[in-house]
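Novice: Sending over a structure as structure tokens; questions will come in a sec.
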Amino acid sequence: MTLTNKLPLLRPVVAALTAALSLGVAQAALAQSNPNILVVAVPSDIQNLDPTLSSGDIITQEMLTNVYDWLIDYKTTDADGTITSDPSAFVGGLAESFDWSDDGKVLTFHLRDGMKFSNGDPLDAAAIKFTYDRIFDQGGVTAALTKMAAVPDKDHVKVIDPLTVEFDVDTPNTLLLGNMAQFGHSILNPKVVEPHMTADDPYAHEWLKTHTEGSEQGPYKLAQWTPGDSWVLDRNDNYWGEAPKIQRIIFKIIPDPSSRLAQLLSGSVDIAYDLPTTDIKSLEDNPDITVHADTTRTVGYLGMNNDVAPFDNKLVRQAVSYAFPYDTMIDQVMNGYAIQLTSPIPDGTPTHTDEFFKYKNDPAKAKELLTEAGFPDGFETTLQIPSGLQQAKEAAVYAQQSLAQAGIKVTIQEMPGAAFTEQLQKHTLGFFYSSGWTSINNDPYYHLYWLFNSSCCNYANYKNPDLAAAIDKYTLSTDIEARDAAAVEAQKEIIDDAPWIFLDQPQKIVATRSNVKGYVYYSSDNYMRFKYIYKE
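Just so we're aligned: the sequence shown equals residues -31 to -1, 1 to 505 in mature numbering (1 follows the signal peptide of the UniProt record, and there is no 0).
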């Protein structure tokens, strides 16, 4: 992979294409005429490429998902030529198969024979062991996910022979497979990574932040990255699976959504991400464009910090919940491309129910609750949102207008994205907008644990000791009936405690030129799998 400051001619896919592959004037011609090249308009750059400690940036995570594979993957089905994924069913990835011991305490992976990394080095059990040793030694989110599923340390990962690896599990559970089916568990090439391990950087994190070459084993490899301008994926000819039809993918960074839309309409790009929902309906009527819109399990909410007055008062949180204009959020902010979030466990996740959701826009009820809480004249508060996110700004304005009818005066504070994220992760925001969380493991307790019981992502500082005890009890339980019943009860309690204003589950919208085929929606993580894409 080449990291450049200015984008020169790209390395050829085939010799005949060499002179055509700069991203200037030739871009439109490539998108319109070359079936082997795909041009994608994205809003932002990729960032930290170390899969174990990657940034929370979804563009980066999608790129990693296309250059790395994992031991297992999500099952897909092909119905009448339409491929869909099942976020609760698993098949082999780098592992040809896997099986559990009778007591549920040993998970054995049987690797595919003859696999190679992109540079031709063999991929065997030694690479699996190296990767998981690094995961546990380095720490971070991937280590936490593995420990959460009762694999506490690297000594529980054992090489049996060059094609067999065992994971010893302290407690039989249903979480481990789902926790492993994501980019953080990307298998790395020890021959490539080890030379970059130093005393100052024992895990080669600094090198992996900007490099993947020689360690990729997925359908594509990173060929070039020009920060702030573009990056390029080339087909990995050493990929163990079926070769992708697209040979080269050019990702062009276009921050302005109107410009991304214009380039899609002109045919200068084949695919455009994150277009304004106000423009989607017109695209649906355009015969040259195909709009893919799928309801996600992503949750959007306004968090109320339970440690910050007046949101430490349950009655206040309920009052604010009754003051919000839910229909306006769906119809005006999301322009119909979302469903209302009606539970802390989103629709599409097992045990989800909307039977306990009781909030609607009712200013009189809100005032009644505020009076009971000791705020008969309402109160003043600040709603903090990340700058540059249009739907956050619109949601905040509608919240401001609607809450005012209940006597709550809201000041909107737009914060730079980095500063907002820093305070969010420190749990210091009082009243705030949050969107983008998708539970990679489609398990109710994965969702409950991270968002309502952990020190990591419980940004509203929600506290319910009895519920916390239930989450701890059932997260690893294999008593499915009792586990599911407790998850339903958890939804009832959280809705009544109102740590959030429950906003929406947005649709994942991807607009393509009509000749782009093979789009597959993965509800597990919402990331595009380019190995299925082709052009007619």
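Glycine included, C-beta positions come from ideal geometry on N, C-alpha and C.
Look at N430 and N274 and say whether their C-beta atoms are less than 8 angstroms apart.
Specialist: It is a contact, given that the beta carbons lie within the stated cut-off.
Novice: In whole angstroms, give me the CA-to-CA distance for S237 and A307.
Specialist: One C-alpha to the other measures close to 29 angstroms.
Novice: First and last residue of the beta strand (DSSP E) that includes E211?
Specialist: Run containing E211: none; DSSP gives neither H nor E here.
Novice: Does the stretch 370 to 386 come within contact of the stretch 404 to 415, defined as at least 3 CB pairs closer than 8 angstroms?
Specialist: Judged by Cβ distances under 8 angstroms, the stretch 370 to 386 makes no contact with the stretch 404 to 415, as fewer than three pairs qualify.
Novice: In the DSSP assignment, the beta strand (DSSP E) including F78 goes from what residue to what residue?
Specialist: First-last of the beta strand (DSSP E) with F78: V75 to L80.
Novice: Locate the beta strand (DSSP E) running through Q309, then write down its first and last residues.
Specialist: Looking at the DSSP string, the run of the beta strand (DSSP E) that includes Q309 is A307 to Q309.
Novice: What number of angstroms, rounded off, separates the C-alpha of G89 from the C-alpha of M32?
Specialist: Distance between the alpha carbons of G89 and M32 is about 21 angstroms.
Novice: If you draw a straight line from the alpha carbon of A58 to that of A454, how long is it in whole angstroms?
Specialist: Taking the straight line joining both Cα atoms gives about 21 angstroms.
Novice: Can the beta-carbon of residue 545 be found closer than 8 angstroms to that of L310?
Specialist: In the structure displayed, the chain extends from -31 to 505; residue 545 sits before or after that span and is not available.
Novice: Anyone know if the C-beta pair for W69 and V268 falls short of 8 angstroms?
Specialist: For W69 and V268, no; Cβs fall outside 8 angstroms.
Novice: Decide yes or no for the touch test of the stretch 199 to 209 against the stretch 80 to 99: beta carbon pairs closer than 8 angstroms, at least 3 of them.
Specialist: The stretch 199 to 209 is in contact with the stretch 80 to 99.
Novice: Taking the C-alpha atoms as reference points, what is the distance between L40 and H154?
Specialist: Cα to Cα, the separation comes out at about 8 angstroms.
Novice: L22: beta carbon under 7 angstroms from a heavy atom of the ligand GDP?
Specialist: By its list of ligands, the structure shown contains no ligand whatsoever, and the ligand GDP lies outside what it can speak to.
Novice: Would you identify the three-state DSSP class for M273, choosing helix, strand or coil?
Specialist: In this structure, M273 counts as strand in the three-state DSSP scheme.
Novice: To the nearest angstrom, how far is it from the Cα of V36 to the Cα of V485?
Specialist: Their backbone Cα atoms lie some 21 angstroms apart in a straight line.
Novice: Distance check for F152 and V60, CA to CA, integer angstroms please.
Specialist: Distance between the alpha carbons of V60 and F152 is about 16 angstroms.
Novice: Round the Cβ separation of A459 and L445 to the nearest angstrom and send it over; I've been treating them as touching at under 8 angstroms.
Specialist: At roughly 16 angstroms, the Cβ-Cβ gap does not stay under 8 angstroms, so A459 and L445 are not in contact.
Novice: Run the CB neighbour count on D203, radius 10 Å, all protein chains shown included, and call it buried at 16 or more, exposed below.
Specialist: It is buried - the Cβ of D203 has at least 16 other Cβ atoms within 10 Å.
Novice: From F389, F401 and P171, pick the residue whose C-alpha is nearest to that of A365; which is it?
Specialist: Checking every option, the nearest Cα to that of A365 belongs to F401.
Novice: Where S493 and P345 are concerned, what is the direct C-alpha to C-alpha distance, given to the nearest angstrom?
Specialist: Roughly 45 angstroms between the two C-alpha positions.
Novice: With A113 and D139 assumed to form a contact (beta carbons below 8 angstroms), what rounded beta-carbon distance in angstroms separates them?
Specialist: Actually they are not in contact, since the Cβ atoms of A113 and D139 sit about 15 angstroms apart, beyond 8 angstroms.
Novice: First and last residue of the alpha helix (DSSP H) that includes Y37?
Specialist: No alpha helix (DSSP H) contains Y37, which DSSP labels as neither H nor E.
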